[in-house]
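**Student:** For the sequence shown, the numbering used here begins at 3 and goes up steadily by one.
First the structure, then my questions, so here it is.
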Amino acid sequence: MHVSEKITLGQMIDRDAVAFPDRDAVIFGDLRWTYRELHEKVSQFACGLVKLGVKKDDKVGLWMHNFPEWIVAWFAIPKIGAVVVPMDTWYKPAEAEYILGHSDSVAVITSERFGNVDFIKIIEEIRQKIPNLKHVIARGSNTGSAMKFEDVLDLGKDWRNDAEFQRRITEPKPDEVTFILYTSGTTGKPKGAMLTHHNISRNGRDIASILQMSHKDKLLICVPFSHCFGCVLSITVSASVGACMVPLVAFDPEEVLKTVEKERCTVLHGVPTMFIRELDVLERKKYDTTSLRTGIMAGAPCPIETMQAVMEKMHCNVSIVYGLTEASPAVTATRFDDSIKDRVETVGRPIPDVEVKIVDADRKEVPRNTPGELACRGYNVMKGYYKNPDATKEAIDEEGWLYTGDMATMDERGYVRIVGRIKDMVIVGGFNVYPREIEELLIQHPKILDVTVVGVPDRELGEVVAALVVPKKDVALKAEEVVDFLYGNVASAKVPRYVLIVDSFPVSGRGKVLKYVIREELKKKLQAGELKRVIPTAVKMKMRKEKVPEIAAELIKSGKISENKREILEKFLLSINDEQEELFRKLIE
């Protein structure tokens, strides 16, 4: 199959079942599916959805961690011409409600409670506010009011003889929308980027080609399926060549290394933070990673020492890929013969059949090595934003150029370097965080008059959120109150790590907040050790609760407090903070 041939996602999995019927498609713990078995489950589930009344172009939410059922749904929904709407597992109720409601989803596929997230309970709480939502389907045994995933499979077990299903699978066309992924913008509400079968399948095949992947590879997937990094650059990349997918439910550095060793994985993706944490484990424990061959590093800048360590200690000849959801997602990539310098200082060259240019504020192309906004054009550009023609018109011009909002330069060789983000997006450990969203939430705090949010460097996560807050007149406001207002109501990546209470912000002559000035000032304060991380009260309490028995034991052992006072002592220690504990220690000396 030529890489430029247009196919649907349904056709992709059909071809895999014919070309690689007995090769492993999915390995998940002790579970192993061949491509024949995966195709069977995809067909059954797709037919089951038809039986439930899911029609062509209907939207179906997909809200769960990296379970094998996610992969089944990813191919089953497009197979019948419906549209996948992936959802981040860290969404809070309000975020889930907006995505399901705005997308007009008729069904949502989720899982039983996992970790501290009770997906089914959340859906039950918001369901009445989502008029189109007819079906809730969940994997697992404790699914409550939701229909079991297995029951939908049973509904479609006779897919070969189901006339309606056989008719439906002939309907999808490569240039039809099959995927809506919501990506927040600096204007607040998330926007749904509409991608076609061809957008996704071709992008997957191009990246597989750049990584020189084949059916002999095993790709360990520890990035979220709900991001393009997971569903396109991992699942679709693998299926495009018949490679084996080895997903982990969630990222854990030691579990990654254990699985690489056990399954002899050859490909590993991640953001730099993930690779740094994996390297940290390798410093303490020995794991055999010699099977690794390549992978993708994306989402944040990579320090040169990290790149060298990944290549030398993990045996992983990674490619740096730059992309965005609106571009399916890959736009540029480094190749195997690129130098380490090019891999850490640039994001490579455009992928095949994708054009890139750098433009000024008037969208006129600038000379090479001149900073400007990165624009791209090609098969990978989205159809537009769902139900948002104004945003679509702003993002894509009449000639098909997509304006990314990223500040970049391009050298004479065509290598692109990202130098900043026009839209002020903050990338926290690979997750996109949008300042405007946080600002709009914090401005609702009864003590806050004004707020501005920026990103500041962080060794582990790449960037974290910092908030500058102007309190209302004659009102005392503590930094802890600011983070407490958000903590538990939004994803943790959106909660500011640093909060500064200020009288005003630096502004331009036209009254625009000068965020770049704020960022530079905060960088200086950070380097000078003048910024103190603000920890939410709930987190402090949890940390203190874990420490109290140890502190009490220490004080009793010292003879300063008697053993029969232990219960009272522990209650007292729980009621005070660290500073008050120091005063108490001095008092009893």
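Don't be surprised by glycine CBs; every beta carbon is placed ideally from N, CA and C.
Could you give the first and the last residue of the continuous alpha helix (DSSP H) run that contains valine 243?
**Tutor:** Walking along the sequence shown from the start, residue 243 turns up at place 241. 239-243 is the span of the alpha helix (DSSP H), which, as asked, contains valine 243.
**Student:** Would you grab the beta carbon distance between leucine 575 and valine 541 for me? Rounded to a whole angstrom, and I think it's under 8 Å.
**Tutor:** Position 573 of the sequence shown, counted from the first residue, corresponds to residue 575. Position 539 of the sequence shown, counted from the first residue, corresponds to residue 541. Leucine 575 to valine 541, Cβ: 17 Å. No contact.
**Student:** Go through its chain and collect everything with a Cβ distance to tyrosine 518's Cβ below 6 Å, but skip five positions before and after it.
**Tutor:** Indexing the sequence shown from 1 puts residue 518 at position 516. Nothing meets the Cβ criterion.
**Student:** Assign phenylalanine 181 to one of three DSSP states: helix, strand, or coil.
**Tutor:** The sequence position of residue 181 within the sequence shown is 179, counting from 1. In the structure shown, phenylalanine 181 sits in a strand (DSSP, three-state: E or B).
**Student:** Give me the Cβ distance between isoleucine 128 and glutamate 99, rounded to the nearest whole Å; I'm assuming they're in contact under 8 Å.
**Tutor:** On the sequence shown, residue 128 is found 126 positions in, with the first residue counted as 1. On the sequence shown, residue 99 is found 97 positions in, with the first residue counted as 1. Sure, about 4 Å apart at Cβ, within 8 Å.
**Student:** In angstroms with no decimal places, state the Cα-to-Cα distance between isoleucine 520 and isoleucine 420.
**Tutor:** Position 518 of the sequence shown, counted from the first residue, corresponds to residue 520. Position 418 of the sequence shown, counted from the first residue, corresponds to residue 420. Whole-angstrom Cα-Cα distance: 20 Å.
**Student:** Report the option in Arg415, Gly380, Cys230 and Leu221 whose CA atom is closest to the CA atom of valine 248.
**Tutor:** Here residue 248 is taken as the residue at index 246 of the sequence shown, counted from 1. When only C-alpha atoms are compared, the closest one is Leu221.
**Student:** State the Cα-Cα distance for the pair valine 466 and serine 228, rounded to the nearest angstrom.
**Tutor:** Taking the sequence shown and counting its residues from 1, the one referred to as residue 466 is at position 464. Taking the sequence shown and counting its residues from 1, the one referred to as residue 228 is at position 226. Going from the Cα of valine 466 to the Cα of serine 228 covers about 21 Å.
**Student:** Can you look up aspartate 59 in the DSSP assignment and give me helix, strand or coil?
**Tutor:** The sequence position of residue 59 within the sequence shown is 57, counting from 1. DSSP places aspartate 59 in coil when its eight states are reduced to three.
**Student:** Could you check what DSSP says for threonine 188 in three-state terms: helix, strand or coil?
**Tutor:** Residue mapping note: residue 188 aligns to position 186 of the sequence shown, counting from 1. With a pLDDT of 43 at threonine 188, under the threshold of 50, the predicted position of this residue should be treated as unreliable, though the coordinate-derived value follows. Three-state result, threonine 188: coil.
**Student:** Ignoring anything shorter than 4 residues or poking outside the region 431-497, list the alpha helix (DSSP H) runs there in chain order.
**Tutor:** Complete alpha helix (DSSP H) runs here, min 4: 437-444 and 481-488.
**Student:** Kindly indicate which residue of Tyr417, Leu444, Leu516 and Leu404 has the alpha-carbon position closest to the one of alanine 195.
**Tutor:** Against the sequence shown, residue 195 aligns to sequence position 193. When each option's Cα is compared against that of alanine 195, the closest is Leu404.
**Student:** Using the Cα positions of glycine 83 and alanine 48, report the straight-line distance between them to the nearest angstrom.
**Tutor:** As a first step, residue 83 must be located in the sequence shown, where it is residue number 81. As a first step, residue 48 must be located in the sequence shown, where it is residue number 46. Approximately 10 Å, taken between the alpha carbons.
**Student:** Just to confirm before moving on: does the CB-CB distance between lysine 475 and valine 435 stay below 8 Å?
**Tutor:** In the sequence shown, the residue the question calls residue 475 occupies position 473. In the sequence shown, the residue the question calls residue 435 occupies position 433. No, the pair does not count as a contact, with Cβ atoms beyond the cut-off.
**Student:** Mapping the DSSP letters down to three states, classify arginine 499 as helix, strand or coil.
**Tutor:** Working through the sequence shown from its first residue, we reach residue 499 at position 497. Looking at arginine 499 - three-state DSSP - the assignment turns out to be coil, as it is neither helix nor strand.
**Student:** Are the beta-carbon atoms belonging to valine 108 and histidine 137 less than 8 Å from one another?
**Tutor:** For this step, residue 108 is matched to residue 106 along the sequence shown. For this step, residue 137 is matched to residue 135 along the sequence shown. Yes, the Cβ-Cβ distance between valine 108 and histidine 137 is below 8 Å.
**Student:** Taking all protein chains shown into account, do 16 or more other C-beta atoms lie within 10 angstroms of the C-beta of asparagine 201, making it buried, or fewer, making it exposed?
**Tutor:** As a first step, residue 201 is located in the sequence shown; it is residue number 199 there, counting from the start. Under this definition asparagine 201 is a buried residue.
**Student:** Kindly indicate which residue of Tyr500, Ser240, Gln13 and Val320 has the alpha-carbon position closest to the one of phenylalanine 277.
**Tutor:** The residue given as residue 277 occupies position 275 in the sequence shown. Among Tyr500, Ser240, Gln13 and Val320, the Cα nearest to that of phenylalanine 277 is on Val320.
**Student:** What residue range is occupied by the uninterrupted alpha helix (DSSP H) comprising leucine 33?
**Tutor:** Working through the sequence shown from its first residue, we reach residue 33 at position 31. Leucine 33 -> not in any alpha helix (DSSP H); beta strand (DSSP E) instead, spanning 33-36.
**Student:** Sorted by chain position, which residues of the same chain lie with C-beta nearer than 7 Å to serine 293's C-beta, five sequence neighbours on each side aside?
**Tutor:** To locate residue 293, count along the sequence shown from 1; it is residue 291. Once the five neighbours on either side are set aside, the close Cβ partners of serine 293 are Val262, Arg266, Cys267 and Thr268.
**Student:** Can you tell me which of the three DSSP states threonine 91 falls into?
**Tutor:** On the sequence shown, residue 91 is found 89 positions in, with the first residue counted as 1. In this structure, threonine 91 counts as coil in the three-state DSSP scheme.
**Student:** Beta carbon of isoleucine 558: closer than 7 Å to some heavy atom of the ligand SAM?
**Tutor:** Questions concerning the ligand SAM fall outside what the structure shown contains, since it holds no ligand whatsoever.
**Student:** Under a Cβ-count criterion, where at least 16 other Cβ atoms within 10 Å of its own Cβ denotes burial, should leucine 524 be classed as buried or exposed?
**Tutor:** Counting from one through the sequence shown, the residue named residue 524 turns up at place 522. Result: buried.
**Student:** If contact is defined by three or more beta carbon pairs under 8 Å, each pair taking one atom from either stretch, is the region 134-148 in contact with the region 115-122?
**Tutor:** A contact exists between the region 115-122 and the region 134-148.
**Student:** Are the region 375-390 and the region 347-366 touching, with three or more C-beta to C-beta distances below 8 Å?
**Tutor:** Judged by Cβ distances under 8 Å, the region 375-390 makes contact with the region 347-366, as three or more pairs qualify.
**Student:** Using the C-alpha atoms, what's the distance from asparagine 579 back to methionine 14?
**Tutor:** In the sequence shown, the residue the question calls residue 14 occupies position 12. In the sequence shown, the residue the question calls residue 579 occupies position 577. Computed Cα separation, rounded: 58 Å.
**Student:** Checking the sheet assignment: what are the DSSP bridge partners for asparagine 319?
**Tutor:** Stepping through the sequence shown from its first residue, residue 319 is reached at position 317. DSSP output for asparagine 319 lists Thr296 as bridge partner(s).
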